[in-house]
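Engineer: Using the working numbering, read the sequence shown as starting at 462 and increasing by one per residue.
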Amino acid sequence: MAQLPVCQHCHTQWTYWQALKNSFFLRCPYCNKRNYAKKFRRRDFMYSLIAAVITLFILPSLDMDRIWTFAWATVAVVIYMAVYPFNLEMTKEDPFSRK
Ligand SMILES: [Zn+2]
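1. Could you name the residues of the same chain whose beta carbon sits closer than 7 Å to that of A463, not counting the 5 residues immediately before and after it, in chain order?
2. Would the beta-carbon of K494 be found less than 7 Å away from any heavy atom of ligand 1?
3. Can you confirm whether the stretch 528-544 touches the stretch 503-516 when touching is taken to mean that 3 or more C-beta pairs between the two stretches lie within less than 8 Å?
4. Would you tell me roughly how many angstroms separate the C-alpha atoms of Q479 and W529, rounded to the nearest one?
5. What residues in its chain sit with their C-beta under 8 Å from that of S484, if we drop five residues either side in the sequence?
6. So, at 6 Å on beta carbons, what are the nonlocal neighbours of V467 in its own chain, with the 5 sequence-adjacent residues on each side left out?
7. In chain order, what residues of the same chain lie with their CB nearer than 7 Å to the CB of Y497, ignoring the 5 residues before and after it?
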């Protein structure tokens, strides 16, 4: 079941559009505090890898028009953005600034 992210400061669940709009900085629209993505998600990694392999190796080997490669890359990015808010787990601490 897809879950929308919950702010770890004020525990308000974001709507889909709020999560999409704030997906880069993850700043809460309710309490204005910053959240961080909890962990590097395996799903994201797999998705990027598959998209990159298709774009760089499979499409050129099919001898298709360059415009189709570009169209595919655009669609891949759009799909990625569209599913991003789901299952996004947030934390108060910056995972990159840990001692
Ligand atoms: Zn909040």
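We put the CB at the ideal spot given by N, CA and C, even for glycine. Every value quoted in this text rests on a predicted model; they were computed, and no experiment measured them.
Structural biologist: Reading from the atomic positions:
1. Along the sequence shown, read from residue 1 onward, the residue named residue 463 stands at position 2. Here the set comprises F547 and N548.
2. As a position in the sequence shown, residue 494 is number 33, starting the count at 1. Yes.
3. yes
4. Looking up residue 479 in the sequence shown gives position 18. Looking up residue 529 in the sequence shown gives position 68. Rounded to the nearest angstrom, the two C-alpha atoms are 32 Å apart.
5. Residue numbering aside, residue 484 sits at position 23 when the sequence shown is read from its first letter. M542, Y545, P546 and L549.
6. As a first step, residue 467 is located in the sequence shown; it is residue number 6 there, counting from the start. For V467, where only same-chain residues beyond five positions count, the Cβ hits under 6 Å are Q474.
7. Position 36 of the sequence shown, counting from 1, holds the residue named residue 497. Closer than 7 Å at Cβ, skipping near neighbours: L487, M551, T552, E554, D555 and P556.
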